[in-house]
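Residue numbers (our numbering), protein chains in the order written: chain A, 3 to 636; chain B, 2 to 289.
Every residue gets a Cβ at the ideal spot worked out from N, C-alpha and C, and that includes glycine.
Here the structure is a predicted model, which means the values were calculated and not measured.
Below is one structure, written out as structure tokens, with a few remarks after it.
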Amino acid sequence: MTDLASSQTENGTAVLTGNKNGILQGVADWKHAKTGAAMIVTAIAILIAVNFFSLADQLKWTLWVSFGIVAMSLSFIWGKAGIFSFGQNALFGIGAYGYAILSLNLFPYSGETLSALVFAGAAAAAFAAALGYFMFYGRVGDVYLSVLTLAVTLILYTVFSSTAGPQYRIGEATLGGFNGMPGLPTLTFWIPGSGSVQLEIQALLIFAIGLAAVLYVIMSYAADSRFGEILSGVRDNETRMELLGYDVRFWKWLAFVVGGAIAGIGGGLFAAWGTFTNPSVFGLTQAAMVIIWVMVGGRNSLFGAFVGVVIVQWIADEADKVVSEQTPLILGLMLILSLFLLPNGVVPTATNWVRSWLGAGKSGSRGEATQAAPLAAPLPASEAASEAAAEPVRRGVIVAQNIAKSFGGLLVLRGVDLIFDEAPVYAIIGPNGAGKSTFFNVLTGRVTASQGSISLNGTDVGAMPAFERARLGLGIKLQIASIFPSMTVRQHIDLALRARSTANRGALIERTLRDVDLWERADDQASDLAHGQQQWLEIAMVIAQRPSLILLDEPAAGMSRQEKVRTAQLIERLSRTHRIIVVEHDMAFVRSLEAPVAMLHEGRVFRNGSFEAVCGDEEVINIYLGRRSNAVSA
Amino acid sequence: MDSLLVVLFSAATSVSTLLIASIGLAVIFGLMRIINMAHGEFLMIGAFTTVVLVRTLGLPVLVAALGGAATAALLGFVVEIVLIRPLYGRRLVDTLLVTFGLSLVLFQLAVNIFGTTSPGISTPFGAVAIGEYSVSVYSLLLIPVAGLLMLAVYLVFTRTKYGLLARAAAQNPEMASALGVDARKINKLTFMFGAALAGLGGGLLAPIVAVSPGMGQSYIGQAFMTVITGGQAFLLGTLASATALGGVQNIVAQLVTTFWGLAALFLTSIIILRFMPEGISARWKRQL
Chain A
3 MTDLASSQTE NGTAVLTGNK NGILQGVADW KHAKTGAAMI VTAIAILIAV
53 NFFSLADQLK WTLWVSFGIV AMSLSFIWGK AGIFSFGQNA LFGIGAYGYA
103 ILSLNLFPYS GETLSALVFA GAAAAAFAAA LGYFMFYGRV GDVYLSVLTL
153 AVTLILYTVF SSTAGPQYRI GEATLGGFNG MPGLPTLTFW IPGSGSVQLE
203 IQALLIFAIG LAAVLYVIMS YAADSRFGEI LSGVRDNETR MELLGYDVRF
253 WKWLAFVVGG AIAGIGGGLF AAWGTFTNPS VFGLTQAAMV IIWVMVGGRN
303 SLFGAFVGVV IVQWIADEAD KVVSEQTPLI LGLMLILSLF LLPNGVVPTA
353 TNWVRSWLGA GKSGSRGEAT QAAPLAAPLP ASEAASEAAA EPVRRGVIVA
403 QNIAKSFGGL LVLRGVDLIF DEAPVYAIIG PNGAGKSTFF NVLTGRVTAS
453 QGSISLNGTD VGAMPAFERA RLGLGIKLQI ASIFPSMTVR QHIDLALRAR
503 STANRGALIE RTLRDVDLWE RADDQASDLA HGQQQWLEIA MVIAQRPSLI
553 LLDEPAAGMS RQEKVRTAQL IERLSRTHRI IVVEHDMAFV RSLEAPVAML
603 HEGRVFRNGS FEAVCGDEEV INIYLGRRSN AVSA
Chain B
2 MDSLLVVLFS AATSVSTLLI ASIGLAVIFG LMRIINMAHG EFLMIGAFTT
52 VVLVRTLGLP VLVAALGGAA TAALLGFVVE IVLIRPLYGR RLVDTLLVTF
102 GLSLVLFQLA VNIFGTTSPG ISTPFGAVAI GEYSVSVYSL LLIPVAGLLM
152 LAVYLVFTRT KYGLLARAAA QNPEMASALG VDARKINKLT FMFGAALAGL
202 GGGLLAPIVA VSPGMGQSYI GQAFMTVITG GQAFLLGTLA SATALGGVQN
252 IVAQLVTTFW GLAALFLTSI IILRFMPEGI SARWKRQL
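Quick look at the structure:
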């Protein structure tokens, strides 16, 4: 607990990272798969315990395992990818119906239902893929997404409830409306030689535990792999991921589909367990359950999903003995209480207790390592010449033609023509409201121009989203440090080296980090860095992308004179190997860049030339001073 | 001719119903960015209060519905202090979860108090004949009532001090607090106002729906889709989306079945959101 408190005070002033600390507590779980060992030990313990279970308990635990699997799918997409979905139980339900429909049709011929279990996962994944396409490729916002998934759950409930009647049948399977589909075959294998083998109650439980363990190991591996790293990046900072060249839509979609497959398998197991399914699997109570399990267990822990199921179901069962049929009341109270008392869930909280109890060595190193480095201060001493020699010169060309942009009815850009192809550094200036930021965002691809064309190194990029432009060599540094608070410094560069071969990855990361003096902090969490170091980290990411052209948004904003000098030095250094475009507001700083200047005014290029020529111009001075000269108004 | 008129009236009633059921949610979401998952239960509480007032005191429905609004506002007052306020500044999803928990609790409490069904109240004012068709007067009356409700909410947010401060605080919280606006007080009022609108909506709908503890759940799906499809202009955007979605729902329902009408509503809104992820009004200049 101490390390959390100290990291919060360190970031007390850091607006960008301060609010994300809550998430960080449990994140360590993902990095160390120690819980994997816990899971295996638990599985073995349960396998031994199974022999002493009553039949009723064996049935109950099989049900809980199927619940645990769907809960794990939510903790994966929520904890890892930051997608909060109400729809996991819908995918669970689709899995259950998928198992029902295929097993009823196929079992009489094949004598097994394993294929139905696989189909359950596939059907749910397919549904998740279709739904995910609309949500992620439509860039539906977080809250909208949770509402949409809830709506989908509710409509599936209505759809399946209204399928009573003989006309609603798929092959041999009648959907059965509100009463659902009874009489399903339980899980059956076809073993060559001995034919169909139907799993009895105890065997089914053992199979379920084995299945859950396998899925858990797969998911843990996915969470710790590069896929998981990318998802963490998306969860922490979507904008930065786009600027690094990742198609955020695709990765979120993929995470959702994977989660859907897992949830579907859980649903298939549920249908095999009960040999029935009905529309209540789509109900609001079931939707609540999945979320409460994950809330209680801890959304950042895959293992926590199973713990959450056991705790919540046990409490619900016990409570039912005292006051019967009050399940929604008890669930609601548990949800509210866990939100206030255990916002990170049982497993991450317990892990933290154990960790701080075993010794607070880690928290000490974190606290002491952070010194208040001013913005842009630690210009690395070692670097310059050697690094410049190693880096090939890549000066990209960007050409903007007749760029216009309007928001609503407001014309912000009215035809900007600018070519950046000669000087190593260009500056774009202009008074407030001149359209600088809009033009910057049109170049980055975060805003699409209403009119005009942009070409990057000869490719027309006007209609391309930001991540595709980044892949073509556009590096972008935003004004406020845009980093991934919960990831280590090393992981940042690892993500930035998007498609580089893995051979010399380690060396590349080390060189990049040494370059900005962050090598010593490589394994620290980015949120623990001082503000200035976070700025450097972002610059390191941009350089690691190997861009040919770097866009800097107001790099001098909020800096002291000393810091501005250092930033200008940095720009000069980068400009030896890259072309740099600086959008800036601070005239003294722009002068120090000694770069050609384009001045925007009222959405047009008003003047274009050397700093002295532009800023010596009387009309330019009038505009900056807010005076209205005849020439301007004419 | 008559049948066309009946279809039009029916569609307009459908739109009005959707609007009445959604407006409270729209106010809370539009101004506080809180998804009030307990919105359906606020509707339900307004409806039950109305039923009780009509059956015990014999009040006219429209008056009793105001009682429903008052009860819901009172509950909103308590909920804001106990559950919402401690969560300001935390993730958006936390307020969603806490109101979700609340909705489960309120549902079960309503079951404990009222049972799973209620006697309900009869639809007042009888029916009127349009040609050979018979149309409920109360359903027709909901059309101007929804219009008046929209007008009243519009006036609250354009003509009252509270309304101006609430919009200012929503659009630029830092500037508003720099100007001395007490955000806590504004949020409390907004939540109460939204809850009151939900309660009033529930009361107004009580005569034409089956009042039961589960009635909230049958409305939240539609109400949520209407509000998020509407987007940032929480009043006019919601009006636009209610018109589009309610219209589609009603026409499909008349052509096929009620169920397919509901399905069409969801499908339409998902398609709209695919192309306008921030809702219909995302690019409007007006943010009301």
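7 Å Cβ shell around Gln-250 of chain B - same chain, five flanking residues per side excluded: Sequence index remark: in the second sequence, residue 250 of chain B carries index 249 (1-based). Excluding residues within five positions, the ones whose Cβ falls inside 7 Å are Ser-15, Gly-262, Leu-263, Ala-265, Leu-266.
Under 8 Å between C-beta atoms of Met-74 of chain A and Tyr-218 of chain A: Here residue 74 of chain A corresponds to residue number 72 of the first sequence, with the count starting at 1. Here residue 218 of chain A corresponds to residue number 216 of the first sequence, with the count starting at 1. The answer is yes: Cβ separation under 8 Å.
As assigned by DSSP and simplified to three states, the class of Gly-435 of chain A: On the first sequence, position 433 is the one that residue 435 of chain A refers to. Here Gly-435 of chain A sits in coil by DSSP.
Cβ-based contacts, 7 Å cut-off: residues of the region 35-50 of chain B near chain A: Of all residues in the region 35-50 of chain B, only Ile-36 come within less than 7 Å of chain A when Cβ atoms are compared, listed by chain position.
Beta-carbon spacing of Gly-262 of chain A, Leu-497 of chain A below 8 Å: For the purposes of this step, residue 262 of chain A is identified with residue 260 of the first sequence, where counting begins at 1. For the purposes of this step, residue 497 of chain A is identified with residue 495 of the first sequence, where counting begins at 1. No, these two residues do not count as a Cβ contact at 8 Å.
For Asn-302 of chain A and Thr-351 of chain A, the rounded distance between their alpha carbons: Here the question's residue 351 of chain A lines up with position 349 in the first sequence. Here the question's residue 302 of chain A lines up with position 300 in the first sequence. Taking the CA atoms as reference points, Thr-351 of chain A sits about 10 Å from Asn-302 of chain A.
Close Cβ partners of Glu-389 of chain A (< 7 Å) along its chain, the five nearest in sequence each way excluded: Here the question's residue 389 of chain A lines up with position 387 in the first sequence. Residue confidence is low: Glu-389 of chain A scores 46 on pLDDT, short of 50, so the model does not pin down where it sits. No coordinate-derived value is stated.
Limits of the unbroken alpha helix (DSSP H) element including Trp-316 of chain A: Residue numbering aside, residue 316 of chain A sits at position 314 when the first sequence is read from its first letter. Start and end: 304-324.
Under 8 Å from the C-beta of Ile-644 of chain A: neighbouring residues of chain B: What the structure shows of chain A is the stretch from 3 to 636, and residue 644 of chain A is not part of that stretch, so it cannot be assessed.
C-alpha gap between Phe-138 of chain A and Val-55 of chain B, whole angstroms: For this step, residue 138 of chain A is matched to residue 136 along the first sequence. For this step, residue 55 of chain B is matched to residue 54 along the second sequence. C-alpha separation (whole angstroms): 48 Å.
Cβ-Cβ separation, Ala-524 of chain A to Leu-515 of chain A (assumed contact under 8 Å), whole Å: Working through the first sequence from its first residue, we reach residue 515 of chain A at position 513. Working through the first sequence from its first residue, we reach residue 524 of chain A at position 522. About 6 Å separates the beta carbon of Leu-515 of chain A from that of Ala-524 of chain A, a gap short enough to meet the 8 Å contact definition.
Ile-157 of chain A and Ala-126 of chain A closer than 8 Å at C-beta: By 1-based counting over the first sequence, the position of residue 157 of chain A is 155. By 1-based counting over the first sequence, the position of residue 126 of chain A is 124. No, they are not a contact pair.
Simplified DSSP assignment, three categories, for Arg-141 of chain A: The residue you call residue 141 of chain A lines up with position 139 of the first sequence. Here Arg-141 of chain A carries a coil assignment [DSSP, helix/strand/coil].
Cutoff 8 Å: Tyr-170 of chain A Cβ touching any chain B Cβ: On the first sequence, residue 170 of chain A is found 168 positions in, with the first residue counted as 1. Residue contact check for Tyr-170 of chain A against chain B: no CB pair falls below 8 Å.
Extent of the continuous alpha helix (DSSP H) to which Trp-295 of chain A belongs: Here residue 295 of chain A refers to the residue found at position 293 when the first sequence is read from its first residue. Note, Trp-295 of chain A: alpha helix (DSSP H), 286-299.
Any chain B beta carbon closer than 8 Å to Ile-1 of chain A: Here chain A comprises residues numbered 3 to 636, so residue 1 of chain A is not present and cannot be evaluated.
Contact with chain B by Ile-103 of chain A, beta-carbon distance below 8 Å: Your numbering for residue 103 of chain A matches position 101 in the first sequence. With a threshold of 8 Å between beta carbons, Ile-103 of chain A makes no contact with chain B.
Residues of its chain near Arg-242 of chain A, where Cβ-Cβ distance is below 6 Å and the 5 sequence neighbours each way are ignored: As a first step, residue 242 of chain A is located in the first sequence; it is residue number 240 there, counting from the start. For Arg-242 of chain A, where only same-chain residues beyond five positions count, the Cβ hits under 6 Å are Ser-484.
Rounded straight-line distance, which links the Cα of Ala-318 of chain A to that of Phe-278 of chain A: One-based indexing of the first sequence puts residue 278 of chain A at position 276. One-based indexing of the first sequence puts residue 318 of chain A at position 316. Distance between the alpha carbons of Phe-278 of chain A and Ala-318 of chain A is about 22 Å.
Selected residue, minimal CA-CA separation from Trp-255 of chain A, among A:Ala-274, A:Ile-232, A:Ala-406: Position 253 of the first sequence holds residue 255 of chain A. Nearest option by C-alpha distance: A:Ile-232.
Check whether Phe-88 of chain A and Met-221 of chain A have beta carbons under 8 Å apart: Along the first sequence, one-based indexing puts residue 88 of chain A at 86. Along the first sequence, one-based indexing puts residue 221 of chain A at 219. No, the Cβ-Cβ distance between Phe-88 of chain A and Met-221 of chain A is not below 8 Å.
Ala-243 of chain B versus Ile-272 of chain B: straight-line alpha-carbon distance, rounded: Position 242 of the second sequence, counted from the start, is the residue given in the question as residue 243 of chain B. Position 271 of the second sequence, counted from the start, is the residue given in the question as residue 272 of chain B. Cα to Cα, Ala-243 of chain B sits roughly 15 Å from Ile-272 of chain B.
Other residues of its chain near Leu-180 of chain B: CB distance less than 7 Å, five sequence neighbours each side excluded: Against the second sequence, residue 180 of chain B aligns to sequence position 179. Scanning its chain for C-beta atoms nearer than 7 Å, with the 5 sequence neighbours on each side dropped, one finds no residue around Leu-180 of chain B.
Other residues of its chain near Ile-144 of chain B: CB distance less than 7 Å, five sequence neighbours each side excluded: Here the question's residue 144 of chain B lines up with position 143 in the second sequence. Cβ neighbours of Ile-144 of chain B beyond the five flanking positions: Ala-13, Thr-14, Ser-17.
The region 77-102 of chain B: positions lying closer than 9 Å to chain A by Cβ: Answer in chain order: Leu-84, Pro-87, Leu-88, Gly-90, Arg-91, Arg-92, Leu-93, Val-94, Asp-95, Leu-97, Leu-98, Val-99, Phe-101, Gly-102.
Proximity of Leu-93 of chain B and Arg-168 of chain B at Cβ, strictly below 8 Å: Translated into the one-based positions of the second sequence, residue 93 of chain B becomes position 92. Translated into the one-based positions of the second sequence, residue 168 of chain B becomes position 167. Going by C-beta atoms, Leu-93 of chain B is not nearer than 8 Å to Arg-168 of chain B.
Distance between Gly-90 of chain B and Asn-346 of chain A (C-alpha atoms, nearest Å): The residue labelled residue 346 of chain A in the question sits at position 344 within the first sequence. The residue labelled residue 90 of chain B in the question sits at position 89 within the second sequence. Taking the straight line joining both Cα atoms gives about 16 Å.
Closest by C-alpha distance to Arg-397 of chain A, when choosing among A:Val-427, A:Tyr-111, A:Gln-169, A:Lys-566: In the first sequence, the residue the question calls residue 397 of chain A occupies position 395. The shortest Cα separation from Arg-397 of chain A among A:Val-427, A:Tyr-111, A:Gln-169, A:Lys-566 belongs to A:Val-427.
Leu-156 of chain B CB to nearest heavy atom of the ligand MG below 7 Å: As far as ligands go, the structure on display features none, and thus does not contain the ligand MG.
Identified DSSP bridge partners for Ala-130 of chain B: Working through the second sequence from its first residue, we reach residue 130 of chain B at position 129. Note: Ala-130 of chain B sits in a beta bridge opposite B:Ser-135.
Run of the beta strand (DSSP E) containing Ser-15 of chain B, from where it starts to where it stops: Translated into the one-based positions of the second sequence, residue 15 of chain B becomes position 14. The continuous stretches of beta strand (DSSP E) do not include Ser-15 of chain B, which lies in the alpha helix (DSSP H) extending over residues 3-33.
Beta-carbon proximity of Ser-452 of chain A to Gly-464 of chain A, cut-off 8 Å: Locating residue 452 of chain A in the first sequence gives position 450, counting from the first residue. Locating residue 464 of chain A in the first sequence gives position 462, counting from the first residue. Taking a C-beta distance under 8 Å as the contact criterion, Ser-452 of chain A and Gly-464 of chain A do not qualify as a contact pair.
Cβ separation of Leu-520 of chain A and Leu-499 of chain A, assumed to be a contact under 8 Å, to the nearest whole Å: Here residue 520 of chain A corresponds to residue number 518 of the first sequence, with the count starting at 1. Here residue 499 of chain A corresponds to residue number 497 of the first sequence, with the count starting at 1. So it is not a contact: roughly 15 Å between Cβ atoms.
Gln-250 of chain B: contacting residues in chain A (beta-carbon distance under 9 Å): To locate residue 250 of chain B, count along the second sequence from 1; it is residue 249. At a C-beta separation below 9 Å, Gln-250 of chain B has no neighbours in chain A, since its nearest C-beta there lies roughly 12 Å away.
Helix, strand or coil at Tyr-428 of chain A [DSSP, three-state]: Within the first sequence, residue 428 of chain A is the residue found at index 426, counting from 1. For Tyr-428 of chain A, the secondary structure class from DSSP, reduced to helix, strand or coil, is strand.
Distance CB(Leu-246 of chain B)-CB(Ser-270 of chain B) smaller than 8 Å: Taking the first residue of the second sequence as position 1, residue 246 of chain B is located at position 245. Taking the first residue of the second sequence as position 1, residue 270 of chain B is located at position 269. The answer is yes: Cβ separation under 8 Å.
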